[in-house]
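> Residue numbers (the working numbering): 3 to 594.
My structure is below; once you've seen it, I'll send some questions.
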Amino acid sequence: MSIVKSIQQSVTESLSALFGQPFAATDFQVNKTLEDFEGDYTVVLFSLVKKLKQSPDVLGKQLGDHLVANHSQVFTKYNIIKGFLNLTIADAYWTNLLQHNYRDICYGKKAMNGQKVMMEYSSPNTNKPLHLGHLRNNFLGWSVAEILKANGYEVIKSCIVNDRGIHICKSMIAWQLFANGATPQSTGIKGDHFVGEYYVRFNDEYKVQVEKLINEGVDKAIAEKEAPIMKATQQMLLDWEAGKPKVIDLWKTMNGWVYEGFDVTYKRIGSDFDIIYYESNTYLLGKETVQQGLEKNVFFKKEDGSVWIDLTADGLDEKLVQRKDGTSVYITQDIGLAQQKYDVYKIDQSIYVIGNEQNYHMKVLQLICKHLGLPYADRIFHLSYGMVELTTGKMKSREGTVVDADDMVDEMLSTSQQHTEELGKVKDFEATELATLYNTIGMGALKFYLLRVDPKKTMVFNPQESIDFHGFTGPFVQYTHARIKSILRKEPVPASWQATGEALLPLEKEMLVLAEQYPVAIEQAAGEHNPAVIASYVFNLAKTFNSFYSVHSVTHAETPEKKQLRLCIASITATIIHSGMQLLGIQVPERM
RNA sequence: GGUCCCGUAGUUCAAUGGAUAGAAUAGAAGUUUCCUAAACUUUAGAUCCAAGUUCGAUUCUUGGCGGGACCA
Numbered sequence: 003m004s005i006v007k008s009i010q011q012s013v014t015e016s017l018s019a020l021f022g023q024p025f026a027a028t029d030f031q032v033n034k035t036l037e038d039f040e041g042d043y044t045v046v047l048f049s050l051v052k053k054l055k056q057s058p059d060v061l062g063k064q065l066g067d068h069l070v071a072n073h074s075q076v077f078t079k080y081n082i083i084k085g086f087l088n089l090t091i092a093d094a095y096w097t098n099l100l101q102h103n104y105r106d107i108c109y110g111k112k113a114m115n116g117q118k119v120m121m122e123y124s125s126p127n128t129n130k131p132l133h134l135g136h137l138r139n140n141f142l143g144w145s146v147a148e149i150l151k152a153n154g155y156e157v158i159k160s161c162i163v164n165d166r167g168i169h170i171c172k173s174m175i176a177w178q179l180f181a182n183g184a185t186p187q188s189t190g191i192k193g194d195h196f197v198g199e200y201y202v203r204f205n206d207e208y209k210v211q212v213e214k215l216i217n218e219g220v221d222k223a224i225a226e227k228e229a230p231i232m233k234a235t236q237q238m239l240l241d242w243e244a245g246k247p248k249v250i251d252l253w254k255t256m257n258g259w260v261y262e263g264f265d266v267t268y269k270r271i272g273s274d275f276d277i278i279y280y281e282s283n284t285y286l287l288g289k290e291t292v293q294q295g296l297e298k299n300v301f302f303k304k305e306d307g308s309v310w311i312d313l314t315a316d317g318l319d320e321k322l323v324q325r326k327d328g329t330s331v332y333i334t335q336d337i338g339l340a341q342q343k344y345d346v347y348k349i350d351q352s353i354y355v356i357g358n359e360q361n362y363h364m365k366v367l368q369l370i371c372k373h374l375g376l377p378y379a380d381r382i383f384h385l386s387y388g389m390v391e392l393t394t395g396k397m398k399s400r401e402g403t404v405v406d407a408d409d410m411v412d413e414m415l416s417t418s419q420q421h422t423e424e425l426g427k428v429k430d431f432e433a434t435e436l437a438t439l440y441n442t443i444g445m446g447a448l449k450f451y452l453l454r455v456d457p458k459k460t461m462v463f464n465p466q467e468s469i470d471f472h473g474f475t476g477p478f479v480q481y482t483h484a485r486i487k488s489i490l491r492k493e494p495v496p497a498s499w500q501a502t503g504e505a506l507l508p509l510e511k512e513m514l515v516l517a518e519q520y521p522v523a524i525e526q527a528a529g530e531h532n533p534a535v536i537a538s539y540v541f542n543l544a545k546t547f548n549s550f551y552s553v554h555s556v557t558h559a560e561t562p563e564k565k566q567l568r569l570c571i572a573s574i575t576a577t578i579i580h581s582g583m584q585l586l587g588i589q590v591p592e593r594m
């Protein structure tokens, strides 16, 4: 049991004993005591003051005395300032953690809870390469999956590839018109970038054609529809849907190029999936659901034959679920796939890592499922994350300001290499070790940078800041780990350690207090679907350790007992850093 | 026009309704005969505005102002 829960329980018991009525842990707050006050944890008394009609001082004294009298092993003393009861926890409580619960704390992992979660993330389009926004999505999805696993969930990672539709046809048309048979192999360009270039090429040509028509006196809206390259693309989409072999072949070939490129990127950034769905297989799903919805009168048909749902009672408006020609819209297939996931995998929760621009869409999806009475409606959770903006504003493909994921990774790796070489600490490393190290540091910096911010919030990407390896960064935490490991190579951690009753120094205690909070941080991170909680925690732990051992020598401690204590503290700190960073998808080096 | 999100040091981010609003970075000043200076120490600097609820509001409510997203 965590110390906070333990305090809550003791306080509840004491209050009941003192006042002869039942209390709950929610009747009061337990916080960590602020640094400038004496004590470790604080009970905030105000809410109790009101309930019991006693002054904070009188109430605090009664409670404090009762706690110390009945739990002398835990609470050694207390003080009351205003309405705050500051409790001091016995040193033995903290040192006991090292002797008994050591492993539990370090790994923070809980037993399996029998709950199954599907985590859908990444979900790229096959017409262009991944960019910075995708990186946030990938890191977030992967990390939250790990955090949920640490909390006892079984997690299935999935991805839906948007591999069909008008945007793919644009790349295909442009390739037919301009490529002269070029391929990624013949040009040496990575497949996803290669195909992306033709998507850009399409837009360039389209723009020229539209302008030409406008200059000939054609109305803008009509010009946009009638541009020959656009008409050809529309025709290609129809041919694809009709299954024309020539079109299907080209589609398969070009998507194949893209997947080859994606595989390389996914491998570098550490994304993986248990299941990959392809929209070309799922886009017809959900049609039956439309029929059922009509029969249940959840949906209604307009005069032109299109099918709608009325969500005005939910504060939204009417939403199209099937076009007048009978074809599906996005939401239809989303319902279908949600159903399939639920049927096949019997999942308890279905998480979608999708940008907040889709908030409305996801709300509609959930509402429709709810109105249809589908059992999985309440199990859908949209893990909505904010856009990544640049210091100069938003990324816009038209203005060429999109930061490419591969370029980003390349830059991080070369920066970490350059920086490491400048410091000159790794001259005895072999070539393969060096490559691994640069990768560990570069990816660590990038992942930490994107995960340290609350996912829900729009964040600003500052290129200079992202490659900074000082302060609140991945390399800072990695460096702390490497330094601890350096100590532990020289001095083995004692297998067992006995407290001698020597008082803990403030920083020794602080390290133990922090270590105790690791499982709490994991729980909080899972509850909020927020890896930033782990990033903050791990940084704080590393930072405190740096202060700790700049003041207190480990290997040259004052006494043998202190040396053993500090070796244990160093060891659990390294283990927690390793484990916490793992939850963020970040490796930690033994040396750097 | 409608719905939703966001406004905190120069900048990028924190803060289950709780004590003197924390970090990082940039700025200023220091620390290396001693476990890796990618480190440590000190210093200066902020809640968009106005009401309301509360013992107590960065947090909750309402109204402004500013920024963003989505839906027609």
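Even glycine gets a Cβ: it sits at the ideal position worked out from N, Cα and C.
(1) Assign VAL553 to buried or exposed, taking buried as 16 or more other Cβ atoms, counted over all protein chains shown, within 10 Å of its Cβ.
(2) Looking at the unbroken alpha helix (DSSP H) that takes in GLY258, where does it start and where does it end?
(3) Could you tell me whether the Cβ atoms of SER330 and GLY357 are closer together than 8 Å?
(4) What are the complete beta strand (DSSP E) segments, minimum 3 residues, inside the segment 319-367?
(5) Near GLY338, which residues of its chain fall below 6 Å by C-beta distance, leaving aside the five closest residues on each side in sequence?
(6) Helix, strand or coil, according to DSSP, for ASN464 in the structure here?
(7) Alpha carbons only, please: which of GLU391, GLY388, ILE370 is nearest the one belonging to ILE382?
(8) For VAL515, which residues of its own chain have a beta-carbon under 6 Å away from its beta-carbon, when the five flanking residues on both sides are left out?
(9) Starting from the Cα of PRO494, find the closest Cα among ALA447, GLU423, ALA572, GLY388 and give me that residue.
(10) Can you find the residues in the same chain that come closer than 8 Å, C-beta to C-beta, to LEU20, ignoring five residues on each side of it along the sequence?
(11) State the Cα-Cα distance for the pair THR123 and VAL157, rounded to the nearest angstrom.
(12) Identify the continuous beta strand (DSSP E) that holds SER74 and give its terminal residues.
(13) Taking its Cβ as the centre, do 16 or more other Cβ atoms sit within 10 Å of SER188, making it buried, or is it exposed?
(14) Between LEU296 and VAL309, how many whole angstroms is the CB-CB distance? I'm expecting something under 8 Å.
(15) In or out: GLN500 buried (at least 16 other Cβ within 10 Å) or exposed?
(16) When you compare the CB positions of VAL119 and GLN351, do they come within less than 8 Å of one another, or not?
(17) What residue does the beta strand (DSSP E) around ASP312 start on, and which one ends it?
(18) Tell me which same chain residues have a C-beta within less than 7 Å of the C-beta of PHE25, skipping the five on either side of it?
(19) If you count every other CB in all the chains shown that lies within 10 Å of the CB of VAL60, and 16 or more means buried, which is it?
(20) I need the straight-line Cα distance from THR35 to TYR481, nearest angstrom please.
(21) Determine the DSSP secondary structure at LEU507, reduced to helix, strand or coil.
(22) Is the distance from the Cβ of GLY198 to the Cβ of ASN129 below 8 Å?
(23) Looking at the unbroken beta strand (DSSP E) that takes in VAL2, where does it start and where does it end?
(24) By the three-class DSSP mapping on this structure, what secondary structure does THR557 have?
(25) Under 8 Å Cβ to Cβ from GLY328, same chain only, skipping five residues before and after it: list those, please.
(26) Assuming LEU87 contacts THR44 (C-beta within less than 8 Å), just tell me the rounded distance between them.
(27) Taking the alpha carbon of LEU585 as the point to measure from, which residue in LYS209, ILE91, ILE149 has its own alpha carbon closest?
(28) Please specify which runs of the alpha helix (DSSP H), each continuous and at least 4 residues long, are wholly inside the segment 205-245, giving them in chain order.
(29) Applying the criterion that 16 or more other CB atoms from any shown protein chain within 10 Å of the CB defines a buried residue, is GLY476 buried or exposed?
(30) From the DSSP secondary-structure annotation, give me the bridge partner or partners of TYR279.
(31) Could you name the residues of the same chain whose beta carbon sits closer than 6 Å to that of LEU385, not counting the 5 residues immediately before and after it, in chain order?
(32) Taking the beta strand (DSSP E) that PHE39 belongs to, which residues open and close that run?
(33) Decide yes or no for the touch test of the segment 92-103 against the segment 132-146: beta carbon pairs closer than 8 Å, at least 3 of them.
(34) Hey, how far is the Cα of HIS421 from the Cα of SER4?
(35) Are the segment 424-433 and the segment 398-410 in contact at 8 Å, needing three or more beta carbon pairs?
(36) Going by DSSP in three states, VAL405 sits in which element: helix, strand or coil?
To lay it out plainly:
(1) For the purposes of this step, residue 553 is taken as the residue at position 551 of the first sequence. When all chains shown are included, VAL553 counts as exposed.
(2) Position 256 of the first sequence, counted from the start, is the residue given in the question as residue 258. Segment 247-271, the alpha helix (DSSP H) holding GLY258.
(3) Stepping through the first sequence from its first residue, residue 330 is reached at position 328. Stepping through the first sequence from its first residue, residue 357 is reached at position 355. Against a cut-off of 8 Å, the Cβ pair of GLY357 and SER330 comes out as no contact.
(4) 320-324, 351-357
(5) Counted from its first residue, the first sequence places residue 338 at position 336. Correct list, in chain order: LEU287, GLY288.
(6) For the purposes of this step, residue 464 is taken as residue 462 along the first sequence, with counting starting at 1. Three-state DSSP puts ASN464 in coil, outside helix and strand.
(7) Indexing the first sequence from 1 puts residue 382 at position 380. It is ILE370.
(8) Your numbering for residue 515 matches position 513 in the first sequence. Excluding sequence neighbours, VAL515 sits near nothing in its chain.
(9) The sequence position of residue 494 within the first sequence is 492, counting from 1. It is ALA572.
(10) Mapped onto the first sequence, residue 20 falls at position 18. So the qualifying residues of the chain are GLN64, LEU65, HIS68.
(11) As a position in the first sequence, residue 123 is number 121, starting the count at 1. As a position in the first sequence, residue 157 is number 155, starting the count at 1. Looking at the sequence itself, residue 123 is Tyr, so the reference to Thr does not match. Near 12 Å, if we compare the C-alpha coordinates of VAL157 and TYR123.
(12) Here residue 74 corresponds to residue number 72 of the first sequence, with the count starting at 1. No beta strand (DSSP E) holds SER74; DSSP gives it neither H nor E.
(13) By one-based count along the first sequence, residue 188 stands at place 186. The residue in question, SER188, is exposed, as its Cβ has fewer than 16 Cβ neighbours within 10 Å.
(14) Indexing the first sequence from 1 puts residue 296 at position 294. Indexing the first sequence from 1 puts residue 309 at position 307. Indeed they touch by this definition, with Cβ atoms about 7 Å apart.
(15) Position 498 of the first sequence, counted from the first residue, corresponds to residue 500. With fewer than 16 other Cβ atoms within 10 Å, it is exposed.
(16) Residue 119 sits at position 117 when you count from the first residue of the first sequence. Residue 351 sits at position 349 when you count from the first residue of the first sequence. In this structure, GLN351 lies closer than 8 Å to VAL119 by Cβ.
(17) Position 310 of the first sequence, counted from the first residue, corresponds to residue 312. Unbroken beta strand (DSSP E) run through ASP312: 309-312.
(18) Sequence index remark: in the first sequence, residue 25 carries index 23 (1-based). Around PHE25: THR14, LEU17, SER18.
(19) Indexing the first sequence from 1 puts residue 60 at position 58. That one is exposed.
(20) Here residue 35 corresponds to residue number 33 of the first sequence, with the count starting at 1. Here residue 481 corresponds to residue number 479 of the first sequence, with the count starting at 1. Those two C-alpha atoms are separated by around 29 Å.
(21) Taking the first residue of the first sequence as 1, we reach residue 507 at position 505. Note: LEU507 maps to coil in three-state DSSP.
(22) For the purposes of this step, residue 198 is taken as residue 196 along the first sequence, with counting starting at 1. For the purposes of this step, residue 129 is taken as residue 127 along the first sequence, with counting starting at 1. Taking 8 Å as the Cβ cut-off, GLY198 and ASN129 qualify as a contacting pair.
(23) The question about residue 2 has no answer here: the residues shown for the chain are numbered 3 through 594.
(24) As a first step, residue 557 must be located in the first sequence, where it is residue number 555. In this structure, THR557 counts as coil in the three-state DSSP scheme.
(25) As a position in the first sequence, residue 328 is number 326, starting the count at 1. Around GLY328: GLY307.
(26) The count along the first sequence starts at 1 and reaches residue 87 at position 85. The count along the first sequence starts at 1 and reaches residue 44 at position 42. About 6 Å separates the two Cβ atoms, so the contact holds.
(27) By 1-based counting over the first sequence, the position of residue 585 is 583. Checked all of LYS209, ILE91, ILE149; the closest Cα to LEU585 is ILE149.
(28) 222-228, 230-244
(29) One-based indexing of the first sequence puts residue 476 at position 474. GLY476 should be labelled buried.
(30) On the first sequence, position 277 is the one that residue 279 refers to. Paired residues: ILE162.
(31) Position 383 of the first sequence, counted from the start, is the residue given in the question as residue 385. Contacts found: ILE353, VAL355, HIS531.
(32) As a working note, residue 39 is residue 37 in the first sequence. Unbroken run through PHE39: none, as it is neither H nor E.
(33) no
(34) By one-based count along the first sequence, residue 421 stands at place 419. By one-based count along the first sequence, residue 4 stands at place 2. Taking the straight line joining both Cα atoms gives about 41 Å.
(35) no
(36) Here the question's residue 405 lines up with position 403 in the first sequence. Reduced to three states, the DSSP call for VAL405 is coil.
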